[in-house]
Amino acid sequence: MNAPLLELKNIKKDFFGNQVLTDINLTLNEGEVLGLVGENGAGKSTLMKILFGMNVIRDTGGYGGDVLLNGQKVNFASPFDALAAGIGMVHQEFSLIPGFSATENILLNREPQKKSVVSEVFGQRLNTLDRSAMRKGASDAIEKMGVEIDGEMVINDMPVGHKQFTEIARELSKEQLKLLILDEPTAVLTEREAAALLDSIRGMSSRGIAVIFITHRLQEILNVCDKVVVMRDGEIVKDVAAQETNVTEITRWMVGRSVNAAAASHREPPESDTVMSIRRLWVDMPGETVRDVSLDVRRGEILGIGGLAGQGKLGIPNGVMGLYQAGGTVTFEGKEIPLNAPRKCLDSQLAFVSEDRRGVGLLLDESLEWNIAFPAMQIQDKFLKPLLGGLIKWRDEKAIADVTKRYIDELQIRCTSSRQKAKELSGGNQQKVCLAKAFALEPQFLFVSEPTRGIDVGAKALVLEALKKFNRESGVTIVMISSELEELRQICDRIAIVSGGRIAGILPATDSSEDFGALMVSQVV
Amino acid sequence: MSQNNKKETSAVRKVLGFLGANSVPVMFILICAVCIPISGFSPAYLLNEIVTRMGRNVFLILSLLIPIMAGMGVNFGMTLGAMAGEIALIFVTDWQIWGIPGVVLAMIISIPLSIALGLLCGKILNMAKGREMVTSYIISYFINGVYQLVVLYMMGSIIPIKHSTIRLPRGYGIRNTVSLLSMRQSIDNLLAIRVAGVKIPVLTFLIIALMCLVIVWFRRTKLGQDMRAVGQDMEVARDAGINVERTRIISIVISTVLAGFGMIIYLQNMGNMPTYSAHSQIGMFCIAALLVGGASVDRASIGNVFLGVILFHLMFIVAPSAGGKITGDTMIGEYFRVFVSYGVITVALVMYETKKRRAKASLGEQLRAAQQEGE
Ligand SMILES: Nc1ncnc2c1ncn2[C@@H]1O[C@H](COP(=O)(O)OP(=O)(O)OP(=O)(O)O)[C@@H](O)[C@H]1O
Ligand SMILES: [Mg+2]
């Protein structure tokens with residue numbers, strides 16, 4: 002009998018005493034698609050890092066148990082060994098050279114080359130690149146994926162979705178590829194792109210490539226996977242064929258209880274004055290251009306901004322908060338706030354939770370405490386004790402620890418202590434830290450962009466509930482941007498739909514999904 | 016808005032955009048345009064001077080390009096190569112090897128020295144990623160100290176130097192000026208032709224042209240591609256299996272070796288070598304010239320080198336004389352030289368930042384214009 006392609010036997014991993022994986026057993030055959038699901042911090046990414054031979058694992062004391070490829074025990078000393086053995090991985094974060102074209106990135110450090118006299122003498126690195134072979138190799142890989150992307154386009158100019166596809170094409174271009182690991186690849190994709198990705202996963206599997214697919218969108222798992230593996234607290238709690246199960250069941254296995262989508266509890270929208278008024282806003286954000294937006298936000302409401310990806314909904318908060326070049330007028334509390342000056346916004350009691358948590362959201366090498374309390378300290382002099390009659394300000398360590406602890410509890414951030422470094426948290430928990438940071442600022446007005454990106458089904462309700470509580474109890478006006486309409490409808494009072502860089506319409510959250518759907522495609526460019 | 020009008024504004028915008036993007040060279044063209052008539056030099060004289068200085072300087076400045084490609088900024092590592100070239104010249108002069116063979120031998124001797132210094136510099140710069148410009152400046156100071164120790168104390172005492180013409184009267188150490196009469200302009204004069212009274216050092220230009228081709232070719236090699244990747248994102252390059260540290264060191268070594276050659280070409284043209292000061296400002300002048308030519312910290316082309324040499328030196332020739340005519344003080348020229356080079360570097364770096372910001376803003380302008388047109 003043939004040995005399975007991949008076999009994991011009793012895999013164990015702890016990070017300095019914190020047991021993250023216990024006795025993981027798993028098998029995967031050629032061409033099989035395995036869906037890996039689990040709550041934030043369940044250990045999915047960690048397991049994949051072990052499989053891919055990543056340095057973090059070795060630097061933190063290695064792992065226990067055996068990884069078998071085709072029946073042979075392997076122990077990768079680095080990702081390059083894993084690559085050589087036919088394993089490819091697309092990480093949660095992008096790893097692309099910004100100024101290179103898709104082609105150059107796909108074949109990075111594996112470029113086809115031409116020998117010359119000089120290189121015979123001085124070594125291989127003086128071979129010239131074979132540009133036409135590169136183009137061909139890249140376009141073959143892109144074709145295998147079954148998605149149209151322009152091989153000559155520079156990464157910087159690409160929308161996020163295309164970057165993701167470039168990464169996948171890079172893995173596919175590797176001849177020896179037998180197993181592809183995709184860690185939450187659909188989180189940044191539009192619905193149509195995600196569907197295209199699922200198609201290409203099917204294509205890979207028909208060519209005999211096995212795929213491990215991690216996602217928090219459970220329907221995708223059912224659509225494409227042969228089997229589903231559910232992890233909870235570092236253990237595999239279920240390993241079943243995908244046809245034999247459904248979303249509700251998977252959810253229950255994941256969180257250990259049944260989760261009902263928090264019933265949308267609607268209130269009468271507060272009849273109040275306008276707190277922020279946006280007039281003729283344009284924002285130059287690549288892939289999310291805002292062309293002409295005018296919008297009034299009422300005091301104390303939760304306003305949702307929805308729309309298809311790429312239509313400009315993300316551009317609005319990024320423009321108002323000064324992260325991208327913008328024009329037009331924005332008045333807050335009757336005063337005009339200057340655009341293109343992020344600090345001014347923060348000073349005027351505005352806060353923003355960005356969708357780009359790695360870029361602007363988190364200081365990865367700093368502790369949770371520091372991440373949560375630092376902005377408040379920096380901007381509002383919070384958590385500082387005056388000493389010597391105010392001459393020196395001293396950090397109030399206790400207050401910082403207290404506030405961090407409060408948010409760790411409230412948002413159920415999974416960590417070992419409030420001193421743990423942000424980079425040691427799982428993706429979803431990092432997202433929660435970003436929210437806590439904004440809450441600690443106690444702003445009067447909060448923009449949150451894609452607050453549940455990368456958050457598991459169980460914790461989603463929790464995060465939304467926390468936002469709602471923040472709005473109701475502290476009277477904070479919230480503008481929430483999300484690509485998931487259902488999520489907006491759960492907590493918003495009104496929802497504005499952006500299409501083609503303009504507001505296509507604003508409806509009460511209680512209106513039907515059809516009405517919203519019609520608005521979304523009304524002015525698509 | 017009428018159709019015509021709109022077209023005009025977009026043309027105007029394009030021109031303004033072009034001027035904005037090339038503000039540094041444009042500024043220097045303007046300065047030169049004003050100073051040339053005031054200075055009163057004849058065109059033939061100016062042309063002659065420019066051709067000479069191109070032959071003298073271009074090779075040196077070309078040595079700056081490779082580290083820029085590898086993301087190490089405009090880099091003073093080349094100063095180390097210049098010192099290696101000088102040491103080689105001292106030996107060759109002492110051994111009394113004349114003419115072209117002397118120049119070639121000096122180049123060969125400079126190679127191991129340049130490589131050693133380049134390795135050292137590259138290793139240190141790998142510990143100071145992101146601060147390469149300042150760090151390399153400090154390294155060049157430090158190595159200058161070592162150079163003085165070697166040339167001023169060790170040569171003639173530990174390292175044999177035969178000829179008393181280049182030794183200090185006290186018996187060891189090298190004189191302040193070493194005459195290179197034996198190889199003066201030996202490259203420049205071979206194959207030189209005169210066109211309308213302008214002497215053209217054909218061989219020098221051929222060497223430069225060859226070097227340009229090599230650089231163009233180098234960009235297309237695997238190593239060149241790796242350098243570009245490392246220059247843009249070290250982490251990603253590392254993840255892809257590129258040896259980042261090694262690649263960066265190689266780029267510095269190439270730069271120092273080329274700078275060694277460049278310095279020898281430079282000095283054979285001058286005909287004598289100020290032993291302790293020849294290299295001290297050469298880095299500054301080369302960097303300034305490159306920036307004047309429109310290069311930036313992360314982007315420089317061969318075109319920038321040539322434009323930079325022409326504009327920077329044209330200004331050096333005409334501005335002091337123009338300044339002297341206006342103020343009546345001839346000493347102003349020397350102040351001017353140093354002041355301007357430091358000034359240029361500062362201004363160019365500041366402009367580079369604003370330019371980056373402006374480039375962002377211009378896309379926004381288009382959006383705003385589109386909004387107006389939509390009305
Ligand atoms: N470098 C590290 N040092 C210490 N602990 C770590 C480190 N990396 C991960 N952990 C811990 O391991 C646990 C599992 O994290 P992992 O990233 O595998 O979760 P995940 O299942 O991928 O979650 P998510 O869905 O949020 O991405 C988390 O509790 C996390 O805090
Ligand atoms: Mg993860």
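Protein sequence lines, in the order shown, are assigned to chains A and B.
Once you know that position 405 of the first sequence is 406 in my numbering, the rest is easy, because the numbers rise by one and skip nothing.
Once you know that position 202 of the second sequence is 217 in my numbering, the rest is easy, because the numbers rise by one and skip nothing.
Backbone N, C-alpha and C fix where the C-beta goes; we use that ideal spot for every residue, glycine too.
Pairwise C-alpha distance: residue 292 of chain B and residue 161 of chain B: Stepping through the second sequence from its first residue, residue 161 of chain B is reached at position 146. Stepping through the second sequence from its first residue, residue 292 of chain B is reached at position 277. Distance between the alpha carbons of residue 161 of chain B and residue 292 of chain B: 14 Å.
Residue 36 of chain A CB to nearest heavy atom of ligand 2 below 7 Å: As a working mapping, residue 36 of chain A is identified with position 35 in the first sequence. Not so, every heavy atom of ligand 2 lies at least 7 Å from the Cβ.
Run of the beta strand (DSSP E) containing residue 348 of chain A, from where it starts to where it stops: As a working mapping, residue 348 of chain A is identified with position 347 in the first sequence. Premise fails: residue 348 of chain A lies in the alpha helix (DSSP H), 343–348, not in any beta strand (DSSP E).
beta-carbon residue 457 of chain A near ligand 2 non-hydrogen atom, thresh 7 Å: Position 456 of the first sequence, counting from 1, holds the residue named residue 457 of chain A. Flag unset: Cβ of residue 457 of chain A not near ligand 2.
Cβ neighbour criterion (16 or more within 10 Å) applied to residue 382 of chain A: Sequence index remark: in the first sequence, residue 382 of chain A carries index 381 (1-based). Residue 382 of chain A should be labelled exposed.
Residues from the region 146–168 of chain B in contact with chain A, defined by Cβ distance under 7 Å: The residues in question: there are none.
is_contact[residue 144 of chain B, chain A] using C-beta, thresh 8 Å: If you number the second sequence from 1, residue 144 of chain B lands on position 129. No, residue 144 of chain B does not count as interfacial toward chain A.
Same chain only: Cβ atoms within 6 Å of residue 8 of chain A, ignoring 5 sequence neighbours per side: If you number the first sequence from 1, residue 8 of chain A lands on position 7. Once the five neighbours on either side are set aside, the close Cβ partners of residue 8 of chain A are 28, 69.
Close beta carbons around residue 78 of chain B, own chain, < 6 Å, minus the five adjacent residues each side: As a working note, residue 78 of chain B is residue 63 in the second sequence. Only residues of its own chain outside the window of five on either side were considered, and among them 93, 270, 273, 274, 277 have a CB closer than 6 Å to the CB of residue 78 of chain B, listed in chain order.
Burial state of residue 151 of chain A (16 or more Cβ within 10 Å): On the first sequence, position 150 is the one that residue 151 of chain A refers to. When all chains shown are included, residue 151 of chain A counts as exposed.
Contacts of residue 56 of chain A in chain D (Cβ-Cβ under 9 Å): Protein chains in the displayed structure are A and B, and chain D is not among them.
Proximal residues to residue 294 of chain A (C-beta, below 7 Å), its chain only, five neighbours per side dropped: Against the first sequence, residue 294 of chain A aligns to sequence position 293. Contacts found: 279, 282, 317, 503, 504.
Pair within 8 Å by beta-carbon distance, residue 187 of chain A and residue 198 of chain A: Sequence index remark: in the first sequence, residue 187 of chain A carries index 186 (1-based). Sequence index remark: in the first sequence, residue 198 of chain A carries index 197 (1-based). It is a contact, given that the beta carbons lie within the stated cut-off.
Cβ-based burial, residue 319 of chain A [other Cβ within 10 Å; buried from 16]: Counted from its first residue, the first sequence places residue 319 of chain A at position 318. Of the residues assessed, residue 319 of chain A falls on the buried side of the cut-off, its CB having 16 or more other CB atoms within 10 angstroms.
Through-space distance from residue 249 of chain B to residue 17 of chain B, alpha-carbon basis: Mapped onto the second sequence, residue 17 of chain B falls at position 2. Mapped onto the second sequence, residue 249 of chain B falls at position 234. Because residue 17 of chain B carries a pLDDT of 47, less than 50, the predicted location of this residue cannot be relied on, and no value is offered for it.
Touch test, the region 142–152 of chain B against the region 208–217 of chain B, Cβ-Cβ under 8 Å, three pairs minimum: Taking 8 Å as the limit for Cβ pairs, the verdict is that the region 208–217 of chain B does not touch the region 142–152 of chain B.
Residue span of the beta strand (DSSP E) that contains residue 8 of chain A, given as start and end: Position 7 of the first sequence, counted from the start, is the residue given in the question as residue 8 of chain A. Where residue 8 of chain A is concerned, the enclosing beta strand (DSSP E) stretches over 7–16.
Under 7 Å from the C-beta of residue 319 of chain A: neighbouring residues of chain B: Indexing the first sequence from 1 puts residue 319 of chain A at position 318. Contact of residue 319 of chain A with chain B by beta-carbon distance below 7 Å is absent, the smallest such distance being about 13 Å.
Residue 95 of chain B and residue 133 of chain B closer than 8 Å at C-beta: On the second sequence, residue 95 of chain B is found 80 positions in, with the first residue counted as 1. On the second sequence, residue 133 of chain B is found 118 positions in, with the first residue counted as 1. Taking 8 Å as the cut-off, the beta carbon of residue 95 of chain B is found closer than this to the beta carbon of residue 133 of chain B.
8 Å Cβ shell around residue 463 of chain A - same chain, five flanking residues per side excluded: Within the first sequence, numbered from 1, the residue matching residue 463 of chain A stands at position 462. Closer than 8 Å at Cβ, skipping near neighbours: 412, 413.
is_contact[residue 16 of chain B, chain A] using C-beta, thresh 8 Å: Start at 1 with the first residue of the second sequence, and residue 16 of chain B comes out as number 1. Residue confidence is low: residue 16 of chain B scores 42 on pLDDT, short of 50, so the model does not pin down where it sits. No coordinate-derived value is stated.
Within-8 Å CB hit, residue 361 of chain B to chain A: Sequence index remark: in the second sequence, residue 361 of chain B carries index 346 (1-based). So, not an interface residue.
Sub-8 Å separation of residue 1 of chain A and residue 431 of chain A beta-carbons: Residue 1 of chain A is absent from the model: chain A starts at 2 and stops at 526.
Neighbour flag for residue 112 of chain A against chain B, beta carbons, 8 Å: Residue mapping note: residue 112 of chain A aligns to position 111 of the first sequence, counting from 1. Residue 112 of chain A counts as touching chain B.
Start and end residues, beta strand (DSSP E) containing residue 144 of chain A: Within the first sequence, numbered from 1, the residue matching residue 144 of chain A stands at position 143. Run containing residue 144 of chain A: none in the beta strand (DSSP E); it sits in the alpha helix (DSSP H), 132–146.
Ligand 1 heavy atom lying under 7 Å from the CB of residue 46 of chain A: Within the first sequence, numbered from 1, the residue matching residue 46 of chain A stands at position 45. Yes, ligand 1 has a heavy atom inside 7 Å of this Cβ.
Enclosing alpha helix (DSSP H) for residue 125 of chain B [first to last residue]: If you number the second sequence from 1, residue 125 of chain B lands on position 110. Residue 125 of chain B -> alpha helix (DSSP H) spans 114–141.
Coarse secondary structure for residue 200 of chain B, derived from DSSP in three states: Residue 200 of chain B sits at position 185 when you count from the first residue of the second sequence. Three-state DSSP puts residue 200 of chain B in coil, outside helix and strand.
At least three beta-carbon pairs within less than 8 Å, the region 441–450 of chain A to the region 473–483 of chain A: Contact between the region 441–450 of chain A and the region 473–483 of chain A is present, because at least three Cβ pairs lie under 8 Å.
C-beta contact flag for residue 326 of chain A and residue 366 of chain A at 8 Å: Reading the first sequence from its first residue, position 325 is the one you call residue 326 of chain A. Reading the first sequence from its first residue, position 365 is the one you call residue 366 of chain A. Contact flag unset, no.
Sequence-distant residues of its chain with Cβ nearer than 8 Å to residue 61 of chain A (five each side left out): Taking the first residue of the first sequence as 1, we reach residue 61 of chain A at position 60. Shown here for residue 61 of chain A: same chain residues with a beta carbon closer than 8 Å to its own, the five before and five after excluded, namely 16, 17 in chain order.
Residue from A/406, A/408, A/407, A/379 with nearest C-alpha to residue 395 of chain A: Here residue 395 of chain A refers to the residue found at position 394 of the first sequence. Measuring from the Cα of residue 395 of chain A, the nearest candidate turns out to be A/379.
Chain-ordered neighbours of residue 527 of chain A on chain B, where CB pairs are closer than 8 Å: What the structure shows of chain A is the stretch from 2 to 526, and residue 527 of chain A is not part of that stretch, so it cannot be assessed.
At least 3 beta-carbon pairs within less than 8 Å: the region 77–87 of chain A vs the region 52–59 of chain A: These segments touch.
Chain-ordered chain B contacts of residue 109 of chain A [CB-CB under 7 Å]: Locating residue 109 of chain A in the first sequence gives position 108, counting from the first residue. Simply 244, 255.
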